[in-house]
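Single-structure report; data block below.
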Amino acid sequence: MTAIDEIKSRIDIVDLVSETVKLRHSGKNYTGFCPFHPNTRTPAFVVFPESGTWRCFGQCNEGGDVFRFVMKKEGWDFPETLRFLAEKAGVQLEPLTPQRQEFDQAHERLQGLLEEAVNFYRHHLLQTPAGQPALAYLQKRGLTQATIENFGLGYAPAGWEISLAYFRGKGFSNAELLQA
9 MTAIDEIKSR IDIVDLVSET VKLRHSGKNY TGFCPFHPNT RTPAFVVFPE SGTWRCFGQC
69 NEGGDVFRFV MKKEGWDFPE TLRFLAEKAG VQLEPLTPQR QEFDQAHERL QGLLEEAVNF
129 YRHHLLQTPA GQPALAYLQK RGLTQATIEN FGLGYAPAGW EISLAYFRGK GFSNAELLQA
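Numbering (the numbering used here), first residue to last: 9 to 188.
Rendered as structure tokens:
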């Protein structure tokens with residue numbers, strides 16, 4: 009198990025987020041107001057304890073794990089966040105070799121790519137005309153909005169060109185797309 013995985017297993021995302029966001033228990037998940045943009049009307053920020061992730065379904069449409077939350081909240085880079093969370097979790101970090109630092113940065117970048125993929129496909133399921141038949145099918149099968157969100161379900165638009173253009177526009181290379 010890597011230090012990153014060890015930290016994720018030791019830090020409860022609900023406890024971490026609750027340090028700065030007032031959360032309300034809602035089924036299996038927790039909801040609150042997103043700390044990353046002004047919002048006082050609708051709690052669109054959801055913490056998913058089972059997956060150890062969070063997502064804002066409001067204005068910023070951001071999401072991630074404990075690392076991404078701290079990075080966004082504090083404005084830190086990954087190594088700084090890693091040191092902070094390792095200390096908080098009581099995890100001893102190996103000396104950071106250049107190879108390990110490169111691996112960790114690549115891992116974090118691929119994690120970001122996968123989170124971006126969830127956003128992309130969810131958007132196409134929920135907010136495009138092409139995704140509406142798929143959404144209707146899921147609802148007909150009894151899947152609720154919460155289930156769709158919890159499992160990160162989405163819709164892939166026809167053809168690969170749309171997806172490729174989107175991810176390239178977000179700065180991801182072909183090699184990263186293949187690796188993810």
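Note that the Cβ used here is the ideal one computed from N, Cα and C, for glycine as well.
Model, not experiment: these values are computed from the prediction.
Local Cβ density within 10 Å of residue i, reported as buried at 16 or more and exposed below that
i	result
Gly72	buried
Arg91	exposed
Leu186	exposed
Lys16	buried
Phe218	Summary: the structure shown does not reach residue 218, with the chain confined to residues 9 through 188, and so no result is reported for it.
Pairwise C-alpha distance: residue j and residue i
i	j	result
Asp85	Arg149	42 Å
Glu102	Pro165	43 Å
His33	Pro106	42 Å
Tyr38	Thr61	11 Å
Thr48	Val22	20 Å
Leu31	Phe53	9 Å
His132	Gln113	29 Å
Pro87	Tyr145	43 Å
Arg108	Lys36	36 Å
Counterpart residues of residue i in DSSP-defined beta bridges
i	result
Ser34	Asn37
Thr61	Phe56
Gly71	Arg63
Opening and closing residue of the beta strand (DSSP E) in which residue i lies
i	result
Thr89	Note, Thr89: premise wrong, no beta strand (DSSP E); alpha helix (DSSP H) at 86-97.
Endpoints, alpha helix (DSSP H) assigned at residue i
i	result
Val55	Element bounds for Val55: not the alpha helix (DSSP H) but the beta strand (DSSP E), 53-56.
Asn127	106-135
Asp13	11-18
Option in the options with minimal Cα separation from residue i
i	options	result
Pro141	Val54, Tyr163, Tyr129, Thr152	Tyr163
Pro43	Val25, Glu58, Pro57	Val25
Ala154	Glu169, Leu134, Gly179, Phe75	Leu134
Ala125	Arg108, Ser59, Gln67, Leu161	Leu161
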